[in-house]
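Enquirer: A single structure is presented below for examination.
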Amino acid sequence: MKIFSKIIKERSILESKILNYIILTKKEIKNFEMTIKKIIGFNINIRNGTTQTSEFYNNESFSINVYKNYQKGFAKTNNLSLNNIKKTIYYAINSSNYTTYDICLGLPKYELLAFNKIDLDLFHISNIDKNKYIFILKESEKIAVNTDKRIVSNGGDFNSFATIHIFANSLGILQSYISTYYSLYLSIIAQENNKMECSYSYSISRSIPNLYSAKILGKDSAKKSLKKLGSRKIKTQKSPIIFSSEISCSLFKHLAELINGYYVYQKLTFLSNSLNKLIFPEWLNIIEDPHVLQGLGSKPFDNEGVSTKKIVIVQNGILKNWLLNNYTSNKLHIENNGHSGGIYNWYINNKNNIDYNTLIKKMNNGLIVTELMSNGVNNITGDYSRGVCGFWVENGKIIFPVSEVTISSNLKKIWLSISDISNDIEKRNIIQCGSILISEMMISGI
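Letter by letter, the sequence shown follows residues 306 to 751 of the working numbering.
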(Lines of atoms letter the chains of each structure in order from A and count residues from 1; the text may use other names and numbers.)
(Lines give C-alpha, C1' and ligand atoms only; values in the text may rest on other atoms or scores of the structure.)
Protein backbone atom coordinates (compact mmCIF):
# COMPACT_ATOMS: atom_id res chain seq x y z
CA MET A 1 0.00 0.00 0.00
CA LYS A 2 1.18 3.50 -0.81
CA ILE A 3 0.84 4.98 2.68
CA PHE A 4 2.45 1.88 4.25
CA SER A 5 5.50 2.16 1.98
CA LYS A 6 5.74 5.88 2.64
CA ILE A 7 5.90 5.47 6.43
CA ILE A 8 8.36 2.56 6.25
CA LYS A 9 10.58 4.68 3.99
CA GLU A 10 10.26 7.65 6.36
CA ARG A 11 11.32 5.46 9.27
CA SER A 12 14.43 4.38 7.36
CA ILE A 13 15.30 7.99 6.50
CA LEU A 14 14.96 9.09 10.14
CA GLU A 15 17.10 6.17 11.33
CA SER A 16 19.82 7.29 8.89
CA LYS A 17 19.52 10.83 10.19
CA ILE A 18 19.88 9.81 13.82
CA LEU A 19 23.03 7.85 12.92
CA ASN A 20 24.54 11.09 11.63
CA TYR A 21 23.41 12.92 14.77
CA ILE A 22 25.14 10.26 16.91
CA ILE A 23 28.41 10.83 15.03
CA LEU A 24 28.11 14.59 15.50
CA THR A 25 27.35 14.30 19.22
CA LYS A 26 30.14 11.81 19.95
CA LYS A 27 32.64 14.42 18.78
CA GLU A 28 31.44 16.75 21.53
CA ILE A 29 30.43 14.66 24.55
CA LYS A 30 30.69 11.09 25.87
CA ASN A 31 27.26 10.38 27.42
CA PHE A 32 24.02 11.24 25.67
CA GLU A 33 20.63 9.93 24.55
CA MET A 34 18.44 11.21 21.75
CA THR A 35 14.95 10.69 20.35
CA ILE A 36 13.27 11.42 17.04
CA LYS A 37 9.49 11.33 17.00
CA LYS A 38 7.33 11.85 13.94
CA ILE A 39 3.52 11.93 13.84
CA ILE A 40 1.63 11.71 10.56
CA GLY A 41 -2.15 11.82 10.46
CA PHE A 42 -5.34 13.80 10.30
CA ASN A 43 -8.40 14.85 12.28
CA ILE A 44 -11.95 15.37 11.04
CA ASN A 45 -14.63 17.21 13.03
CA ILE A 46 -18.31 17.33 12.07
CA ARG A 47 -21.42 18.87 13.58
CA ASN A 48 -25.04 18.88 12.42
CA GLY A 49 -24.19 17.13 9.18
CA THR A 50 -21.46 19.60 8.25
CA THR A 51 -17.71 19.12 8.23
CA GLN A 52 -16.31 21.74 10.61
CA THR A 53 -12.58 21.04 10.29
CA SER A 54 -10.28 18.65 8.44
CA GLU A 55 -6.66 18.96 9.56
CA PHE A 56 -3.54 17.12 8.43
CA TYR A 57 -0.55 16.58 10.74
CA ASN A 58 3.06 15.96 9.76
CA ASN A 59 5.06 16.86 12.85
CA GLU A 60 8.56 15.75 13.79
CA SER A 61 10.85 16.53 16.70
CA PHE A 62 14.37 15.80 17.90
CA SER A 63 15.31 15.87 21.59
CA ILE A 64 18.62 15.19 23.30
CA ASN A 65 19.80 14.68 26.88
CA VAL A 66 23.52 14.98 27.64
CA TYR A 67 25.34 14.06 30.85
CA LYS A 68 28.61 15.72 31.82
CA ASN A 69 30.20 15.48 35.26
CA TYR A 70 26.85 14.39 36.77
CA GLN A 71 25.11 17.42 35.28
CA LYS A 72 22.31 17.14 32.74
CA GLY A 73 21.64 19.23 29.65
CA PHE A 74 18.56 19.09 27.46
CA ALA A 75 17.42 20.62 24.18
CA LYS A 76 14.62 20.01 21.69
CA THR A 77 13.75 21.19 18.19
CA ASN A 78 11.12 20.65 15.51
CA ASN A 79 13.59 21.55 12.75
CA LEU A 80 15.63 18.51 11.69
CA SER A 81 17.95 20.30 9.28
CA LEU A 82 21.59 19.43 9.91
CA ASN A 83 22.60 22.96 10.88
CA ASN A 84 19.76 23.23 13.36
CA ILE A 85 20.57 19.82 14.86
CA LYS A 86 24.15 21.00 15.40
CA LYS A 87 22.81 24.05 17.27
CA THR A 88 20.47 21.88 19.34
CA ILE A 89 23.32 19.58 20.36
CA TYR A 90 25.39 22.62 21.32
CA TYR A 91 22.54 24.10 23.40
CA ALA A 92 22.11 20.81 25.27
CA ILE A 93 25.83 20.56 26.07
CA ASN A 94 26.04 24.21 27.05
CA SER A 95 22.97 24.02 29.30
CA SER A 96 24.58 21.20 31.30
CA ASN A 97 27.10 23.73 32.61
CA TYR A 98 24.31 25.50 34.49
CA THR A 99 22.39 22.58 35.99
CA THR A 100 22.66 20.97 39.42
CA TYR A 101 25.30 18.34 40.16
CA ASP A 102 23.59 15.04 41.00
CA ILE A 103 25.30 11.64 41.17
CA CYS A 104 22.00 9.92 40.34
CA LEU A 105 22.02 11.40 36.83
CA GLY A 106 23.25 9.39 33.86
CA LEU A 107 22.40 6.68 31.37
CA PRO A 108 20.68 3.40 32.28
CA LYS A 109 22.75 0.26 32.73
CA TYR A 110 23.84 -1.33 29.45
CA GLU A 111 22.24 -4.69 30.28
CA LEU A 112 18.80 -3.08 30.72
CA LEU A 113 18.68 -1.59 27.23
CA ALA A 114 16.41 -2.96 24.51
CA PHE A 115 18.99 -4.25 22.04
CA ASN A 116 16.68 -7.11 21.04
CA LYS A 117 13.80 -5.86 18.92
CA ILE A 118 10.24 -6.91 19.82
CA ASP A 119 7.34 -6.67 17.35
CA LEU A 120 4.15 -5.85 19.26
CA ASP A 121 1.91 -5.57 16.17
CA LEU A 122 1.22 -1.88 16.82
CA PHE A 123 1.31 -0.72 13.20
CA HIS A 124 -1.87 -1.15 11.16
CA ILE A 125 -1.87 1.49 8.49
CA SER A 126 -4.66 1.86 5.95
CA ASN A 127 -5.16 3.98 2.85
CA ILE A 128 -7.98 5.87 4.51
CA ASP A 129 -10.67 7.54 2.44
CA LYS A 130 -11.44 10.67 4.46
CA ASN A 131 -14.85 10.94 2.82
CA LYS A 132 -15.73 7.49 4.16
CA TYR A 133 -15.14 8.61 7.74
CA ILE A 134 -16.89 11.90 7.22
CA PHE A 135 -19.85 9.77 6.10
CA ILE A 136 -19.53 7.46 9.15
CA LEU A 137 -19.49 10.44 11.53
CA LYS A 138 -22.48 12.05 9.83
CA GLU A 139 -24.33 8.73 9.78
CA SER A 140 -23.69 8.09 13.49
CA GLU A 141 -24.84 11.63 14.28
CA LYS A 142 -27.99 11.09 12.19
CA ILE A 143 -28.73 7.78 13.94
CA ALA A 144 -28.35 9.43 17.36
CA VAL A 145 -30.52 12.45 16.52
CA ASN A 146 -33.25 10.31 14.96
CA THR A 147 -33.45 8.18 18.11
CA ASP A 148 -35.49 10.81 19.94
CA LYS A 149 -36.74 14.34 19.20
CA ARG A 150 -35.11 15.57 22.42
CA ILE A 151 -31.63 14.88 21.06
CA VAL A 152 -29.28 17.31 19.28
CA SER A 153 -25.70 16.79 18.18
CA ASN A 154 -22.72 18.26 19.97
CA GLY A 155 -20.27 17.13 17.27
CA GLY A 156 -18.08 14.20 16.37
CA ASP A 157 -14.43 13.47 15.57
CA PHE A 158 -12.33 10.94 13.70
CA ASN A 159 -8.59 10.73 14.33
CA SER A 160 -5.96 8.75 12.42
CA PHE A 161 -2.29 8.91 13.43
CA ALA A 162 0.88 6.96 12.69
CA THR A 163 3.85 7.57 15.01
CA ILE A 164 7.50 6.80 14.30
CA HIS A 165 9.58 6.61 17.48
CA ILE A 166 13.39 6.31 17.23
CA PHE A 167 15.77 6.17 20.20
CA ALA A 168 19.56 6.03 20.43
CA ASN A 169 22.23 6.62 23.05
CA SER A 170 26.00 6.63 23.42
CA LEU A 171 26.03 3.06 24.78
CA GLY A 172 25.26 1.78 21.29
CA ILE A 173 21.52 1.23 21.19
CA LEU A 174 19.51 2.41 18.18
CA GLN A 175 15.96 1.09 18.15
CA SER A 176 12.67 2.20 16.66
CA TYR A 177 9.04 1.23 16.39
CA ILE A 178 5.99 2.51 14.56
CA SER A 179 2.43 2.52 15.82
CA THR A 180 -1.01 3.56 14.67
CA TYR A 181 -3.90 5.04 16.60
CA TYR A 182 -7.48 5.49 15.42
CA SER A 183 -10.47 6.92 17.26
CA LEU A 184 -14.11 7.80 16.70
CA TYR A 185 -16.01 10.11 19.05
CA LEU A 186 -19.58 11.42 19.12
CA SER A 187 -21.06 13.84 21.66
CA ILE A 188 -24.84 14.16 22.06
CA ILE A 189 -27.08 16.52 24.06
CA ALA A 190 -30.52 15.50 25.31
CA GLN A 191 -32.91 18.37 26.18
CA GLU A 192 -36.05 18.34 28.31
CA ASN A 193 -37.84 20.97 30.45
CA ASN A 194 -35.11 23.56 29.78
CA LYS A 195 -32.45 21.19 31.06
CA MET A 196 -29.67 19.67 28.99
CA GLU A 197 -27.69 16.49 29.56
CA CYS A 198 -24.58 15.76 27.55
CA SER A 199 -23.07 12.35 26.95
CA TYR A 200 -20.80 10.69 24.42
CA SER A 201 -19.56 7.47 22.94
CA TYR A 202 -16.11 6.69 21.60
CA SER A 203 -13.98 3.94 20.13
CA ILE A 204 -10.17 3.59 20.12
CA SER A 205 -8.00 1.00 18.40
CA ARG A 206 -4.64 0.31 16.78
CA SER A 207 -6.50 -0.89 13.66
CA ILE A 208 -9.43 0.50 11.66
CA PRO A 209 -11.59 -2.68 11.57
CA ASN A 210 -11.84 -2.72 15.37
CA LEU A 211 -13.56 0.69 15.58
CA TYR A 212 -17.28 0.99 16.33
CA SER A 213 -19.72 1.12 13.44
CA ALA A 214 -21.80 4.26 12.88
CA LYS A 215 -24.83 2.42 14.29
CA ILE A 216 -23.13 1.46 17.56
CA LEU A 217 -21.60 4.92 18.03
CA GLY A 218 -24.88 6.72 17.37
CA LYS A 219 -27.16 4.47 19.42
CA ASP A 220 -24.77 4.28 22.39
CA SER A 221 -24.32 8.06 22.68
CA ALA A 222 -28.08 8.67 22.34
CA LYS A 223 -28.96 6.02 24.92
CA LYS A 224 -26.52 7.42 27.47
CA SER A 225 -27.70 11.03 27.12
CA LEU A 226 -31.39 10.11 27.35
CA LYS A 227 -30.79 8.09 30.52
CA LYS A 228 -29.48 11.23 32.24
CA LEU A 229 -32.66 13.27 31.70
CA GLY A 230 -34.59 14.04 34.88
CA SER A 231 -31.52 13.86 37.08
CA ARG A 232 -31.80 15.07 40.66
CA LYS A 233 -29.82 15.50 43.84
CA ILE A 234 -29.98 13.01 46.68
CA LYS A 235 -29.70 13.39 50.44
CA THR A 236 -26.34 13.64 52.15
CA GLN A 237 -25.58 10.16 53.46
CA LYS A 238 -23.10 7.32 53.68
CA SER A 239 -23.74 4.70 51.05
CA PRO A 240 -22.18 1.94 48.94
CA ILE A 241 -20.83 3.20 45.61
CA ILE A 242 -20.30 1.50 42.26
CA PHE A 243 -17.72 3.04 39.95
CA SER A 244 -18.93 1.99 36.48
CA SER A 245 -16.34 0.35 34.24
CA GLU A 246 -16.04 3.46 32.05
CA ILE A 247 -14.54 5.43 34.95
CA SER A 248 -13.36 2.76 37.41
CA CYS A 249 -9.82 2.96 35.98
CA SER A 250 -9.54 6.39 37.66
CA LEU A 251 -9.04 4.70 41.04
CA PHE A 252 -5.95 2.99 39.64
CA LYS A 253 -4.71 6.06 37.76
CA HIS A 254 -4.30 7.61 41.20
CA LEU A 255 -2.28 4.56 42.24
CA ALA A 256 -0.03 4.89 39.17
CA GLU A 257 0.74 8.48 40.10
CA LEU A 258 1.28 7.73 43.77
CA ILE A 259 3.81 4.94 43.13
CA ASN A 260 5.78 6.93 40.57
CA GLY A 261 9.40 7.08 41.71
CA TYR A 262 9.51 10.89 41.62
CA TYR A 263 6.75 11.13 44.23
CA VAL A 264 8.19 8.28 46.28
CA TYR A 265 11.75 9.56 46.73
CA GLN A 266 10.47 13.08 47.48
CA LYS A 267 7.96 11.71 50.02
CA LEU A 268 5.12 13.38 48.13
CA THR A 269 2.85 10.34 48.34
CA PHE A 270 1.08 8.76 51.29
CA LEU A 271 2.30 5.42 49.91
CA SER A 272 6.02 6.23 50.33
CA ASN A 273 6.37 3.58 53.08
CA SER A 274 3.90 1.07 51.62
CA LEU A 275 6.07 -1.16 49.44
CA ASN A 276 5.37 -4.82 50.28
CA LYS A 277 2.42 -3.78 52.44
CA LEU A 278 -1.31 -4.46 52.04
CA ILE A 279 -3.13 -1.57 50.33
CA PHE A 280 -5.98 -3.50 48.62
CA PRO A 281 -8.15 -6.49 49.58
CA GLU A 282 -6.19 -9.76 49.63
CA TRP A 283 -7.95 -11.09 46.51
CA LEU A 284 -6.98 -8.14 44.28
CA ASN A 285 -4.09 -8.33 41.79
CA ILE A 286 -2.75 -5.84 39.25
CA ILE A 287 -0.54 -7.05 36.42
CA GLU A 288 1.29 -4.72 34.02
CA ASP A 289 2.06 -6.17 30.59
CA PRO A 290 3.77 -3.91 28.01
CA HIS A 291 3.95 -6.68 25.42
CA VAL A 292 0.27 -7.28 24.62
CA LEU A 293 -0.14 -7.40 20.85
CA GLN A 294 -1.95 -4.27 19.60
CA GLY A 295 -2.28 -3.06 23.20
CA LEU A 296 -3.10 0.62 23.67
CA GLY A 297 -0.39 0.76 26.34
CA SER A 298 2.15 -1.53 24.68
CA LYS A 299 5.76 -0.42 24.09
CA PRO A 300 8.96 -2.38 23.39
CA PHE A 301 11.10 0.09 25.36
CA ASP A 302 10.66 3.18 27.51
CA ASN A 303 11.79 6.76 26.83
CA GLU A 304 15.33 5.90 27.99
CA GLY A 305 15.66 2.81 25.79
CA VAL A 306 15.16 0.38 28.68
CA SER A 307 13.43 -2.89 27.79
CA THR A 308 9.88 -3.06 29.06
CA LYS A 309 8.78 -6.20 30.87
CA LYS A 310 5.75 -7.76 32.51
CA ILE A 311 5.65 -7.02 36.24
CA VAL A 312 3.30 -7.41 39.19
CA ILE A 313 2.10 -4.10 40.60
CA VAL A 314 -0.16 -5.55 43.30
CA GLN A 315 -0.19 -9.19 44.41
CA ASN A 316 -2.84 -10.45 46.84
CA GLY A 317 -3.50 -6.84 47.82
CA ILE A 318 0.18 -6.10 48.52
CA LEU A 319 2.05 -3.35 46.66
CA LYS A 320 5.04 -5.02 44.97
CA ASN A 321 6.69 -2.37 42.77
CA TRP A 322 7.41 1.32 42.35
CA LEU A 323 7.38 2.76 38.82
CA LEU A 324 11.00 3.71 38.20
CA ASN A 325 13.15 5.27 35.51
CA ASN A 326 16.94 5.50 35.67
CA TYR A 327 17.09 8.59 37.90
CA THR A 328 14.47 7.49 40.43
CA SER A 329 15.89 3.96 40.58
CA ASN A 330 19.27 5.46 41.49
CA LYS A 331 17.63 7.69 44.09
CA LEU A 332 15.83 4.77 45.72
CA HIS A 333 18.61 2.18 45.15
CA ILE A 334 16.16 -0.17 43.43
CA GLU A 335 16.56 -1.64 39.93
CA ASN A 336 15.16 0.42 37.07
CA ASN A 337 11.97 -1.25 35.74
CA GLY A 338 11.57 0.83 32.58
CA HIS A 339 8.96 3.45 33.44
CA SER A 340 10.38 6.55 31.82
CA GLY A 341 7.26 7.82 30.10
CA GLY A 342 4.45 6.32 32.16
CA ILE A 343 2.61 3.05 32.62
CA TYR A 344 1.72 0.29 30.16
CA ASN A 345 -1.26 -2.09 30.00
CA TRP A 346 -2.69 -2.71 33.49
CA TYR A 347 -5.06 -5.59 34.18
CA ILE A 348 -7.13 -5.68 37.38
CA ASN A 349 -8.68 -9.04 38.26
CA ASN A 350 -12.25 -9.52 39.43
CA LYS A 351 -13.15 -11.57 42.48
CA ASN A 352 -16.10 -13.79 41.59
CA ASN A 353 -16.49 -13.22 37.83
CA ILE A 354 -19.94 -11.70 38.37
CA ASP A 355 -21.67 -9.59 35.73
CA TYR A 356 -22.65 -5.92 36.09
CA ASN A 357 -26.31 -6.57 36.96
CA THR A 358 -25.29 -9.00 39.69
CA LEU A 359 -22.94 -6.35 41.11
CA ILE A 360 -25.84 -3.88 41.26
CA LYS A 361 -28.00 -6.45 43.05
CA LYS A 362 -25.16 -7.12 45.47
CA MET A 363 -25.00 -3.39 46.29
CA ASN A 364 -28.81 -3.40 46.73
CA ASN A 365 -29.08 0.30 47.68
CA GLY A 366 -26.56 2.95 46.69
CA LEU A 367 -25.09 5.15 43.97
CA ILE A 368 -23.67 4.12 40.59
CA VAL A 369 -21.10 6.70 39.47
CA THR A 370 -20.81 7.06 35.69
CA GLU A 371 -19.05 10.44 35.42
CA LEU A 372 -16.39 12.17 37.49
CA MET A 373 -15.71 15.90 37.68
CA SER A 374 -12.82 17.88 39.18
CA ASN A 375 -9.70 16.26 40.60
CA GLY A 376 -9.97 16.59 44.35
CA VAL A 377 -7.29 14.12 45.39
CA ASN A 378 -4.51 14.95 47.86
CA ASN A 379 -1.46 12.80 47.09
CA ILE A 380 0.10 13.33 50.51
CA THR A 381 -2.92 12.55 52.70
CA GLY A 382 -5.00 10.43 50.31
CA ASP A 383 -8.09 12.58 50.88
CA TYR A 384 -10.53 12.12 48.00
CA SER A 385 -13.44 14.37 46.97
CA ARG A 386 -14.99 14.55 43.50
CA GLY A 387 -18.19 15.78 41.89
CA VAL A 388 -20.11 12.97 40.20
CA CYS A 389 -23.11 12.03 38.09
CA GLY A 390 -24.76 8.65 37.98
CA PHE A 391 -27.82 6.66 39.03
CA TRP A 392 -29.53 5.86 42.32
CA VAL A 393 -30.26 2.20 43.05
CA GLU A 394 -32.86 0.74 45.40
CA ASN A 395 -33.47 -2.97 45.98
CA GLY A 396 -30.99 -3.81 43.24
CA LYS A 397 -32.71 -1.72 40.55
CA ILE A 398 -31.81 1.63 38.98
CA ILE A 399 -34.46 4.16 40.06
CA PHE A 400 -33.42 7.60 38.72
CA PRO A 401 -30.41 9.57 37.42
CA VAL A 402 -28.36 11.63 39.88
CA SER A 403 -26.35 14.83 39.40
CA GLU A 404 -24.75 17.64 41.41
CA VAL A 405 -23.47 15.49 44.25
CA THR A 406 -19.99 14.95 45.67
CA ILE A 407 -18.47 11.71 46.92
CA SER A 408 -15.64 11.73 49.44
CA SER A 409 -13.43 9.46 51.50
CA ASN A 410 -9.72 8.61 51.64
CA LEU A 411 -7.96 6.56 48.96
CA LYS A 412 -6.49 4.24 51.60
CA LYS A 413 -9.99 3.46 52.82
CA ILE A 414 -11.52 3.34 49.32
CA TRP A 415 -9.00 0.78 48.04
CA LEU A 416 -9.42 -1.45 51.09
CA SER A 417 -13.21 -1.11 50.81
CA ILE A 418 -13.39 -2.65 47.34
CA SER A 419 -15.79 -5.53 47.94
CA ASP A 420 -16.11 -6.81 44.36
CA ILE A 421 -15.38 -6.10 40.69
CA SER A 422 -17.67 -7.22 37.86
CA ASN A 423 -16.56 -8.75 34.58
CA ASP A 424 -17.72 -5.89 32.30
CA ILE A 425 -14.09 -4.99 31.57
CA GLU A 426 -13.54 -1.65 29.84
CA LYS A 427 -11.01 -2.34 27.08
CA ARG A 428 -10.73 1.20 25.71
CA ASN A 429 -8.28 2.24 28.44
CA ILE A 430 -4.67 1.41 29.22
CA ILE A 431 -5.98 0.36 32.65
CA GLN A 432 -8.53 -2.40 32.07
CA CYS A 433 -11.02 -3.04 34.83
CA GLY A 434 -14.67 -3.88 35.39
CA SER A 435 -17.14 -1.93 37.54
CA ILE A 436 -16.04 -1.60 41.17
CA LEU A 437 -18.23 -1.88 44.27
CA ILE A 438 -17.02 0.17 47.25
CA SER A 439 -18.67 -0.80 50.53
CA GLU A 440 -19.14 2.78 51.75
CA MET A 441 -18.38 6.41 50.88
CA MET A 442 -19.81 9.76 51.93
CA ILE A 443 -22.26 11.36 49.49
CA SER A 444 -22.81 15.11 49.88
CA GLY A 445 -26.09 16.21 48.33
CA ILE A 446 -29.00 18.09 49.86
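Note that CB positions come from ideal geometry on N, CA and C, so glycine has one too.
Everything numeric in this text was worked out from a predicted model, so none of it was measured.
1) Tell me which same chain residues have a C-beta within less than 8 Å of the C-beta of residue 430, skipping the five on either side of it?
2) Check residue 362 in the structure and name its three-state DSSP category.
3) Using DSSP with H/G/I as helix, E/B as strand and the rest coil, what is residue 416?
4) Output needed for residue 722: all residues of its chain with C-beta closer than 7 Å, excluding positions within five of it in sequence on either side, in chain order.
5) Relative to the alpha-carbon of residue 557, which residue among 385, 589, 578, 459 has its alpha-carbon at the smallest distance?
6) Which same chain residues end up closer than 8 Å to residue 731 when comparing Cβ atoms and leaving out the 5 residues on each side of it in sequence?
7) Return the bridge partner residues of residue 382 from the DSSP annotation.
8) Can you tell which of 683, 471, 365 has the C-alpha that lies nearest to the C-alpha of residue 576?
9) Give the DSSP bridge partners of residue 490, in chain order.
10) Using 8 Å as the Cβ pair cut-off and three pairs as the minimum, do the segment 638 to 653 and the segment 521 to 538 touch?
11) If you draw a straight line from the alpha carbon of residue 659 to that of residue 324, how long is it in whole angstroms?
12) Which residues in the same chain as residue 717 place their Cβ atom closer than 8 Å to its Cβ, once the five residues preceding and following it in sequence are excluded?
13) Which whole-angstrom value describes the C-beta separation of residue 460 and residue 351, a residue pair presumed to lie in contact below a C-beta threshold of 8 Å?
14) Kindly list the residues whose CB is nearer than 7 Å to the CB of residue 623, restricted to its own chain and excluding five residues on each side of it in sequence; keep chain order.
15) So, are the CB atoms of residue 710 and residue 697 less than 7 Å apart?
16) With respect to the alpha helix (DSSP H) encompassing residue 338, which residues constitute its N-terminal and C-terminal limits?
17) Just the C-alpha distance for residue 610 and residue 418, rounded to the nearest angstrom, thanks.
18) Is residue 706 helix, strand or coil by DSSP?
19) Bridge partners of residue 694, per DSSP?
20) On the three-state DSSP scale, how would you describe residue 325?
21) Do three or more CB pairs link the segment 440 to 449 to the segment 559 to 576 at distances below 8 Å?
22) Of the choices 396, 487, 415, 648, whose alpha-carbon is the least far from that of residue 428?
23) Short check: CB of residue 534 to CB of residue 562, under 7 Å?
24) Helix, strand or coil: which one does DSSP assign to residue 399?
25) Please look up how many angstroms separate the CB atoms of residue 339 and residue 359, rounded, as I've assumed it's under 8 Å.
26) Using the Cβ count rule (16 or more neighbours within 10 Å means buried), how would you classify residue 462?
27) What residue range does the beta strand (DSSP E) around residue 744 cover?
28) For residue 319, does the count of other Cβ atoms within 10 angstroms reach 16, so buried, or fall short, so exposed?
29) Between the segment 489 to 508 and the segment 529 to 545, do three or more beta carbon pairs fall short of 8 Å?
30) Take residue 513 and list the residues in its own chain whose beta-carbon comes closer than 6 Å to its own, dropping the five residues that flank it on each side.
31) Since residue 630 and residue 607 should fall inside the 8 Å C-beta cutoff, what is the C-beta to C-beta distance between them, to a whole number of angstroms?
32) Can you check the segment 524 to 573 for any alpha helix (DSSP H) of at least 4 residues that lies completely inside it and give the ranges in chain order?
33) When burial is assigned at 16 or more other CB atoms within 10 Å of the CB, is residue 668 buried or exposed?
34) I'd like to check one pair, residue 725 with residue 656: are the Cβ atoms closer than 7 Å?
35) Can you name, in chain order, every residue of its own chain whose Cβ lies under 7 Å from the Cβ of residue 465, other than the five neighbours on each side?
Expert: The short version:
1) 306, 308, 309, 312, 467, 485
2) strand
3) In this structure, residue 416 counts as helix in the three-state DSSP scheme.
4) 743, 744, 745
5) 589
6) 550, 551, 553, 554, 737, 738, 739
7) 367
8) Selected option, being the one with the closest Cα: 683.
9) 462, 507
10) With a cut-off of 8 Å, the segment 521 to 538 and the segment 638 to 653 do not count as touching, because too few Cβ pairs lie within range.
11) 54 Å
12) Excluding sequence neighbours, residue 717 sits near 575, 584, 687.
13) 7 Å
14) 581, 582, 583
15) no
16) Looking at the DSSP string, residue 338 is not in any alpha helix (DSSP H); the run it does join, the beta strand (DSSP E), is 336 to 352.
17) 6 Å
18) strand
19) 676
20) In this structure, residue 325 counts as helix in the three-state DSSP scheme.
21) no
22) 487
23) No.
24) Residue state for residue 399 is assigned as helix, using DSSP reduced to three classes.
25) That pair is no contact at about 34 Å.
26) buried
27) Per DSSP, residue 744 belongs to the beta strand (DSSP E) from 741 to 749.
28) Result: buried.
29) yes
30) 431, 487
31) 7 Å
32) DSSP runs (the alpha helix (DSSP H)) wholly in the segment 524 to 573: 555 to 563, 566 to 570.
33) buried
34) yes
35) So the list reads 346, 347, 433, 487, once near-sequence residues are dropped.
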